[in-house]
Every structure is written in C-alpha cells, then in structure tokens.
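*Asks:*
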Amino acid sequence: MTPTTWTRSHLLPTPANSAAPLPCPLTRLPLPLSFSPVSKHGGQAHFGVFLNMVLAKAVPAVDGAQWTGVTTTLASQFLAAGRVDAVVVAGATDADPLKPMPRICRTAEEVQGGRGVKPSLCPSLSILDQIAEDPSIKRLLYCGVGCSVQALRAVEASLGLDELYVLGTHCVDNSPSVDATRLFLDAAGISVAEDEYAGYEFMADFRVHAKSPSGSYEKVPYFCLPGSVAEKAIAKSCFSCFDYTNGLADVVVGYMGAPLENDGVMTDQLNMITVRNGRGADILSTSLTSGALELSEIPSNQKAQLGVSGAMEQGNDDRNKNGVGTGGGPSRATLVTTTTEADSLVVRLTGGDVREKGMPRWLGEVFATIIGNTAPKGLEFARYSIDYHYLRNWLYVLSDESARGGERTVPSYAKAVMAKYDVAFRDGLYEKLRAAEGKPKVSTPLRNYIAQAKERQRA
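Take the sequence shown: its letters are residues 314 to 772, numbered as in the working numbering.
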C-alpha cells in the first residue's frame, strides 16, 4: 500500500467518467453533480450513491479501537487540521464502557474517547440543542449510524451551522440496550463485568468474533447461537431499517466489503471506505495528507459477481441449475434464500418453531468452515448481507403494517434489490406470513411494485 499516491483528486470523478446526477437513494430527491457516482464498483442499489470505494487501515493502529481505528483517525485528523470546530462521537459513560453516550469533542484527544464500537443504540441526537445554542460551533463533524444520520439530515437546517460534515459507519442489528448487549455476549460465551469493555462483530467467516477485555478472541459459529437470542438482542427499529450502508453520510467506514485476512484479528483488518461526495473526499484526504491512513484498491478478486449480481441485472444469471456460482461455491442467491429462511425472526413470523439451542460447537465449526471457504467474498459478501437483511426486514414490516406503515417504509432501492429474487421464494414467505397471522392469501406488495415498475417502463 502506498498512501502517498492517493490524493483528493483520486477520490473524485473526472468529467470524462462522471455520470449524470442520480436521485438520493433515500429521499429520491435530485442530487447535485458533485454527488454523481463512479460506477466501476457497480451496485448503487446496494451501496448508495458514491464516488469511490477503497480499503484502509490506520497507521499506527489506534490503541483500544475495535479495528485499526479508521473512523477515529478520520475524525481526529479532520478536527486537528482545523476543518471543524467540534466533532460529535459516541463515547461511553464513566460507569459502563459498553453504554454509549454522545460527546461533543473539541480536541483530537477527546475524539479518541469515542474509539471502540458500542453495540447498542446511542442517543446521539440528544446533544443537537446544545450545538444549536453554542455560538462557537459553526462547523461540525457528526459521526453516526444511518438512523441518526437520517434524522440529522431532516433538522440540519435548523442547527445554525455554516458547514456540516457527516462521517458514517455501517450498522445492522444493533442492541436496544446495554443489557441486551450483555445478553448476546453471554450467549456467545463471553462474560464481561460491568466495568469492562468487549466488542463483537458478525464476520465473513460465518462466526461472531468477540474480543474480550484482555484482548483475546472468542470465535463462535453463527450456527451455535441459540435462535431465541436474536430478537432479544436486536432493537425492534433495526428490523425495519433499510439503511445498512448509511446512504446520507458524506463518507462511510465499515468492514462488510473488506477482505477477511490475518486469521480475522480485528486490529489487523482493513476497513472499507465509501466516499459519497466532495465533503467525504475532504475528510478522507485530510488523513492521507497527514499520513495517518494507508489506502489500497479493492482487489479484483473481491469484486466477483456471483449469483444475483450486476450480471444478473443485465438479464444474465451466472448460476447453473443447481445454484452454483462462478466461483464454485454457492451463489449469492442460494446463500441469501437459505439464510433468510433459516433466520429466527423469519421462522417465527412464518409460523415455524424457533430453536432454543444452537448446533453443537464441533458441528457449527464444520458448517462455518465449509460455508466460509466457499461463500462470496469482499463486496459480494456485502451484497449477500444486504440482500438477506432487506428480505428479512421487508417481511417484518409487512407483519406490522398498522404500527410501521408496512410497504410504505420500504425504499424503492431495497425493492429493486429484492425484485431480483425468485418470485416463488418471495411470495412463498409472504403467504406463510399471512397464514401464520390467519389472513387470506393476497398478491404481495412487492409483486405489485414490480408490476407497476414494468408498466412505467412500457409507458
């Protein structure tokens, strides 16, 4: 990796490769030309509008960070360079390092206090009144997950800021509380005292990697977790979210599209950075100038399109009749449909029995090894994860139409992704949902959406 070869100009499109402006992936409103994408990575329905995607790690790694500290580095370097007056981060309370609490940081050292993932919902917007009333804050960098960024964008005009930059992170299936976080850690076999911190992530080797307070790792196959723990450990709002990739941030940091290397130790891994616009390029280039980050291209073998893919979007599905992808392992479509049908929430919603116990450890390790070695990698693994969560969450919002608006809460880009899956699979899930609720069969809202879209194309 050669960080000195990367500049802001590498992160922005040139007139020759700039595409026409697209609508915002969430609001569907027109975006300025500076928001136009470079499509070499493909899949804006999956990743939102972006200019570039790169891999990165902090050099040196930030002590105490969940990964190498890419997000912390971007925020602290931008503040240290004088580009903003303050940074909002998700810190932690003094009494419990797992309990998130928003902090307004005025120094790079204070930003460091936000390092490390707090895997439960943070009331990040609770400090907005304080920001609006502080005349010394006119340029702000806000760090947050998709749901808080959407709310921030809705009120940003009322904050009295001259400049607002948004550094987002990928987020899916957050815990509603610290107690729920500890419940999940216990299920994964990690016991954490109230004054200790531990982080965990769902990794591409189909294991939960839990980092203990001592720095050691416990890697538990997904298949060994009790099925009942998911609904207890995941916030209800996360089941109706379709913004895994934080579509309204200026720049986004995450790991779902990065390769899993070095035995999966988080503090040795690369993260994926998605630059959405010129402001995002400014945030990233500031850290490049200081030499605090190393960047590299996403390897070509990590961009493989398997199963439901960019190729399929052109009408060419590369799966054979047995659902095998071009890489020899299961196609993305096969893996997504299998995962969705086995998800404990989907099982419950469709009238099945949720298993109380997971697989024996030895069997779970066998399954995780086989699937992890043959499943899609890199960006294609990210697409698999997005597709699965969209399908699961779509079913959830349909199960609670009166409370959550049902189909109206599903954005068109998520419907476009789900529309690529076999209609018998989608309708089968919906019919099971209706049967479990004692309701008659009807045409699925997604099928209606597809029919309407085709009608508009013909018109």
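For glycine and all other residues, C-beta sits at the position ideal for the given N, C-alpha and C.
Distance, Cα to Cα, residue 752 vs residue 741?
*Replies:* One C-alpha to the other measures close to 14 Å.
*Asks:* Please name the residue, chosen from 392, 458 and 457, that lies closest to residue 451 on a Cα-to-Cα basis.
*Replies:* Ranking 392, 458 and 457 by Cα distance to residue 451 puts 392 first.
*Asks:* Taking residue 364 as part of the alpha helix (DSSP H), name the residues at either end of that continuous run.
*Replies:* No alpha helix (DSSP H) holds residue 364; DSSP gives it neither H nor E.
*Asks:* With residue 702 as the anchor, note down where its alpha helix (DSSP H) starts and where it stops.
*Replies:* Note, residue 702: alpha helix (DSSP H), 691 to 712.
*Asks:* May I ask you to verify whether the segment 665 to 680 touches the segment 692 to 701, counting CB pairs closer than 8 Å and requiring at least 3?
*Replies:* No, the segment 665 to 680 is not in contact with the segment 692 to 701.
*Asks:* Note down the Cα distance separating residue 577 from residue 730, rounded to an integer number of angstroms.
*Replies:* Cα to Cα, the separation comes out at about 29 Å.
*Asks:* With distance defined between alpha-carbon atoms, name the residue in 377, 732 and 474 nearest to residue 527.
*Replies:* When each option's Cα is compared against that of residue 527, the closest is 377.
*Asks:* Would you tell me roughly how many angstroms separate the C-alpha atoms of residue 370 and residue 676, rounded to the nearest one?
*Replies:* Each residue's alpha carbon lies about 34 Å from the other.
*Asks:* By the three-class DSSP mapping on this structure, what secondary structure does residue 741 have?
*Replies:* Reduced to three states, the DSSP call for residue 741 is helix.
*Asks:* Go through its chain and collect everything with a Cβ distance to residue 414's Cβ below 8 Å, but skip five positions before and after it.
*Replies:* Only 403, 404, 405, 406, 435 and 436 meet the Cβ criterion.
*Asks:* Rounded to whole angstroms, what's the CA-CA distance from residue 532 to residue 447? Just pull it up for me.
*Replies:* Their backbone Cα atoms lie some 45 Å apart in a straight line.
*Asks:* Can you give the Cα-Cα distance for residue 352 and residue 590, rounded to whole angstroms?
*Replies:* Reliability fails at residue 352, whose pLDDT of 41 lies under 50, so the model's placement of it is uncertain and the value that follows must be treated cautiously. Taking the straight line from one Cα to the other gives about 14 Å.
*Asks:* Just grab the DSSP bridge partners of residue 413 for me.
*Replies:* DSSP, once it has assigned bridges, lists 405 as partnering residue 413.
*Asks:* Give the DSSP-derived three-state secondary structure of residue 519 in the structure shown.
*Replies:* Three-state result, residue 519: coil.
*Asks:* Among 477, 653 and 375, which one has its Cα closest to the Cα of residue 593?
*Replies:* Considering only alpha carbons, the answer is 477.
*Asks:* Excluding the five sequence neighbours on either side, which residues of its own chain have a C-beta within less than 6 Å of the C-beta of residue 660, listed in chain order?
*Replies:* Excluding positions up to five away in sequence, the list reads 667.
*Asks:* Does DSSP put residue 749 in a helix, a strand or coil?
*Replies:* Correct three-state label for residue 749: helix.
*Asks:* Spatial neighbours of residue 340 within its chain, please: C-beta separation below 7 Å, excluding the five flanking residues on both sides.
*Replies:* Low confidence applies here, because residue 340 scores a pLDDT of 40, under 50, leaving its location unreliable; read the following figure in that light. Nothing listed; no residue qualifies.
*Asks:* Classify residue 584 as helix, strand or coil using the three-state DSSP reduction.
*Replies:* If DSSP states are grouped into helix, strand and coil, residue 584 belongs with the strands.
*Asks:* Starting from residue 648, trace the alpha helix (DSSP H) in both directions and tell me its first and last residue.
*Replies:* Run containing residue 648: 645 to 655, per the alpha helix (DSSP H) assignment.
*Asks:* Inspect the beta-carbon positions of residue 565 and residue 500 and report whether they are closer than 8 Å.
*Replies:* No, they are not a contact pair.
*Asks:* Pop quiz: residue 488 and residue 494 are said to be a contact at Cβ under 8 Å. What is the actual Cβ separation, rounded to whole angstroms?
*Replies:* Their Cβ separation, rounded to whole angstroms, is 4 Å, which keeps residue 488 and residue 494 in contact under 8 Å.
*Asks:* In the DSSP assignment, find the beta strand (DSSP E) that holds residue 482 and state where it starts and stops.
*Replies:* It spans 476 to 482 - the beta strand (DSSP E) in which residue 482 sits, taken as one unbroken run.
*Asks:* Rounded to the nearest angstrom, how far is the Cβ of residue 585 from that of residue 368, given a contact under 8 Å?
*Replies:* Contact holds; Cβ gap of about 6 Å.
*Asks:* Can you tell me the Cβ-Cβ gap for residue 390 and residue 600, rounded? I've got them flagged as a contact below 8 Å.
*Replies:* About 4 Å separates the two Cβ atoms, so the contact holds.
*Asks:* So, is residue 775 buried or exposed, given that buried needs 16 or more other C-beta atoms within 10 angstroms?
*Replies:* One cannot answer for residue 775 here, as it falls past the ends of the chain, which runs 314 to 772.
*Asks:* Please state the DSSP three-state secondary structure of residue 719.
*Replies:* DSSP places residue 719 in helix when its eight states are reduced to three.
*Asks:* How many Å lie between residue 556 and residue 653 at the Cα?
*Replies:* Near 18 Å, if we compare the C-alpha coordinates of residue 653 and residue 556.
*Asks:* At what residue ranges does the segment 512 to 579 contain a whole run of the beta strand (DSSP E), taking only runs of 3 or more?
*Replies:* Entirely contained in the segment 512 to 579, the beta strand (DSSP E) runs reaching 3 residues are, in chain order, 512 to 515, 520 to 524, 530 to 534 and 564 to 567.
*Asks:* How about the segment 547 to 556 and the segment 732 to 739: do they share at least three Cβ pairs that are nearer than 8 Å?
*Replies:* With a cut-off of 8 Å, the segment 732 to 739 and the segment 547 to 556 do not count as touching, because too few Cβ pairs lie within range.
*Asks:* When we look at the beta-carbon of residue 685 and count the other beta-carbons within 10 Å, is it buried (16 or more) or exposed?
*Replies:* With 16 or more Cβ atoms within 10 Å of its Cβ, residue 685 is classed as buried.
*Asks:* By Cβ distance, which residues of its chain are closer than 7 Å to residue 703, with the 5 residues on each side in sequence left out?
*Replies:* Closer than 7 Å at Cβ, skipping near neighbours: 555, 727, 730 and 731.
*Asks:* Short of 6 Å in beta carbon distance, which residues of its chain neighbour residue 372, apart from the five on each side in sequence? Order them along the chain.
*Replies:* Hits under 6 Å: 607.
*Asks:* Taking its Cβ as the centre, do 16 or more other Cβ atoms sit within 10 Å of residue 721, making it buried, or is it exposed?
*Replies:* Looking at its Cβ environment, which holds fewer than 16 other Cβ atoms inside 10 Å, residue 721 is exposed.
*Asks:* Report the CB separation of residue 535 from residue 522 in whole angstroms; it is logged as a contact under 8 Å.
*Replies:* Contact doesn't hold; Cβ gap of about 11 Å is too wide.
*Asks:* Less than 8 Å between the beta carbons of residue 379 and residue 426, yes or no?
*Replies:* Not closer than 8 Å, so no.
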